[in-house]
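Numbering-wise (our numbering), the sequence shown opens with residue 1 and increments by one. We put the beta carbon where it would ideally sit given N, CA and C, even for glycine. Please read all numbers here as calculations on a predicted model, not as lab measurements.
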Amino acid sequence: MEVWVLYGDDIESTADLAHEIRRFIAEAAKVDDVTLKVYKPSQLDLLVTQESRDSILIDGNAVPLPDCVYPYYNHIDQSYFSLAIVRQLERLGVHVFNGAATIERVRDKLHAHQILAQSGIDTPDTMLAKFPVDIELVEKTIGFPVVVKTLNGALGIGVFLLESQSAFKDLMELVGETNPNLQLIFQKFVSVSKGRDLRLFVVNGEVIAAMERRAKDGGFKANYSSGASVHMFEPDQEAIDIAVKTAEALDIQVGGIDLLFKENGGYTICEANTFPGFKGLEQASGVNVPLRIFDAMRLALNEKKAKNDNVTSIAQ
Ligand SMILES: Nc1ncnc2c1ncn2[C@@H]1O[C@H](COP(=O)(O)OP(=O)(O)O)[C@@H](O)[C@H]1O
Ligand SMILES: [Mg+2]
1 MEVWVLYGDD
11 IESTADLAHE
21 IRRFIAEAAK
31 VDDVTLKVYK
41 PSQLDLLVTQ
51 ESRDSILIDG
61 NAVPLPDCVY
71 PYYNHIDQSY
81 FSLAIVRQLE
91 RLGVHVFNGA
101 ATIERVRDKL
111 HAHQILAQSG
121 IDTPDTMLAK
131 FPVDIELVEK
141 TIGFPVVVKT
151 LNGALGIGVF
161 LLESQSAFKD
171 LMELVGETNP
181 NLQLIFQKFV
191 SVSKGRDLRL
201 FVVNGEVIAA
211 MERRAKDGGF
221 KANYSSGASV
231 HMFEPDQEAI
241 DIAVKTAEAL
251 DIQVGGIDLL
261 FKENGGYTIC
271 EANTFPGFKG
281 LEQASGVNVP
291 LRIFDAMRLA
301 LNEKKAKNDN
311 VTSIAQ
């Protein structure tokens, strides 16, 4: 099968997810049935037409479509164009792992929490900021300390823990004065999970690997990219269930689901990621992530083929 990975940054650099792209390339080279190509979204052109439904323009030339596409955009690549490419490939019938609707849904942290809450999945109480901020209302509904996050942030950048009302008030005044259009959410601080969370990697409805992350130096953010240590973690059934349900509710085919520990046992969902890095995860779990993703792609293509064959045989 031919697989395209879409990645906007420099593969040979230290950019976010560049290591993972190199892992995909290395693993694809070891298996006979996978031809892997990596394209930057900027190499593609979008021509919406009734004709030529079996190719797409790359560097100005019509190139036959692949079997599967894995959009793997890092936090810098949030452009409309990159998303439009994914949409176009889906429309052309290519099997896309994490479609455009899923990417958009998950990128918006509030939207993702709205869907999870509606699906009966445990998430910390979360509120969208409105300027000027009504601090009394935040105190009453969320309470302090409070976690403040930018709506579309990643890698822990744009996530703050504000211990007191006065620290919160100062920050909100600053934001209100300088950038009142900044989209922020306020979230209940899950204190027992301070500096600790779980990452479960879900592929096609199955948890393929898991790890625990612990923040360094008493910090509260357990992002691997901000230096957290990673540890092997054998997920219990409750953790597996909540991660699988989350992926299902958000329609994620490949994703990292992050869980926080709750006070009296059990878990609450911190967030979901459609472009999860897996350097720390492979280290902690020993699982070969690219191979597991290729397996899931093969399975999805076989299912699609079986469905098509069935339709053809009924029509005959
Ligand atoms: N409500 C919360 N309570 C406790 N810790 C949290 C909470 N929200 C986030 N964190 C910590 O901060 C980290 C980053 O937050 P997250 O929402 O995952 O943002 P990002 O998308 O930038 O990774 C999490 O991995 C977790 O360790
Ligand atoms: Mg996170």
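The three-state reading of DSSP puts asparagine 204 in coil, since its state is none of H, G, I, E or B.
For glycine 280, the enclosing alpha helix (DSSP H) begins and ends at 279-285.
For the region 27-75, the full-length beta strand (DSSP E) segments reaching 3 residues or more read 35-39, 55-58, 61-64 and 68-71 along the chain. With 16 or more other CB atoms across the displayed protein chains lying within 10 angstroms of its CB, aspartate 77 is buried.
Here DSSP, grouped into helix, strand and coil, assigns isoleucine 252 to coil. Within the model, the alpha-carbon separation for glycine 265 versus lysine 37 is close to 44 Å.
Straight-line measurement puts the Cα of leucine 83 at about 12 Å from the Cα of leucine 44.
Spanning the alpha carbons of phenylalanine 233 and serine 313 requires a straight line of approximately 47 Å. By the C-beta density criterion, glutamine 253 is buried, having at least 16 other C-beta atoms within 10 angstroms.
Assigned with DSSP and collapsed to three states, phenylalanine 186 falls in strand. The straight-line gap separating the alpha-carbon atoms of valine 34 and glutamate 2 is approximately 6 Å.
Under the DSSP assignment, leucine 6 falls in the beta strand (DSSP E) whose first and last residues are 2-6. In this structure, the C-beta of asparagine 273 approaches ligand 2 to less than 7 Å from one of its heavy atoms. Secondary structure at aspartate 295: helix, using DSSP grouped into helix, strand and coil. The alpha-carbon separation between leucine 116 and glycine 255 amounts to approximately 15 Å. With 16 or more neighbouring CB atoms inside 10 Å of its own CB, alanine 272 falls in the buried class. The bridge partners DSSP lists for isoleucine 257 are Leu200 and Ala272. DSSP, read as helix, strand or coil, puts serine 166 in helix.
Only residues of its own chain outside the window of five on either side were considered, and among them Leu161, Lys194 and Gly195 have a CB closer than 7 Å to the CB of phenylalanine 220, listed in chain order. Take the alpha-carbon of serine 166 and the one of asparagine 181: they are about 22 Å apart. Residue side-chain check: phenylalanine 131 keeps its Cβ at 7 Å or more from all non-hydrogen atoms of ligand 1.
Listed in chain order, the non-local C-beta contacts of glutamate 263 below 6 Å within the same chain comprise Val192, local neighbours out to five positions each way being set aside.
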